[in-house]
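Data first, discussion second: the structure below is written as structure tokens.
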Amino acid sequence: EYMDSNKYIEHLVTQLEEQRWNLWREKLSVARLQREVAQSKSEGAMREKLIHELEEERHLRLESEKRLREVTLESERSRAQMRGLQEQFSRMEETVRNLLQSQGSPGQHGEGTVNIMKVYQ
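For the sequence shown, position 75 matches number 75 in this note's numbering, and the numbering has no gaps at all.
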């Protein structure tokens with residue numbers, strides 16, 4: 001589960017980077033379309049087409065920003081969950097160590113730890 005969470009976080013980070021890249025590209029597209037609209041004010045049909053494309057680009061940008069926020073939030077939640085799992089695992093390790101220390105001789109502690117680590121792996 002620990003590795004799956006790490007892979008999931010990596011996947012979310014990759015999605016986040018892709019969304020940022022898409023947002024950057026879309027902002028460039030919006031800027032390009034705005035320049036084209038300014039240059040073609042006298043061309044009515046072309047102007048209307050560009051305005052429509054601009055609105056479409058703006059809508060896509062807003063959707064990308066929304067998705068970026070969602071992915072960021074999901075990534076933060078996953079990181080918090082990962083921290084919780086790591087803390088829980090650390091507590092479990094400490095409990096096992098304490099149990100081993102409360103049983104048997106010092107020679108058994110080393111073997112028990114190795115066996116626990118083998119089981120964990």
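Beta carbons: idealized from backbone N, C-alpha and C, even for Gly.
Contacts around residue i, its chain only, beta-carbon distance under 8 Å, and the 5 residues preceding and following it disregarded
i	result
H109	Here the model assigns H109 a pLDDT of 49, short of 50, so the residue's position is not dependable and the matter cannot be decided.
L54	V30, L33, Q34 and V37
V13	S75
Y8	S78
N22	S64
I51	V37
CA-to-CA distance, residue j to residue i, given in whole angstroms
i	j	result
L28	E43	23 Å
S90	M82	12 Å
H11	A80	16 Å
M92	L16	33 Å
N98	D4	28 Å
E18	E57	17 Å
N6	Q103	35 Å
E70	H59	17 Å
K66	T72	10 Å
Cβ-based neighbour list, residue i, same chain, cut-off 7 Å, excluding 5 preceding and 5 following
i	result
R61	L23, E26, K27 and V30
R20	L68
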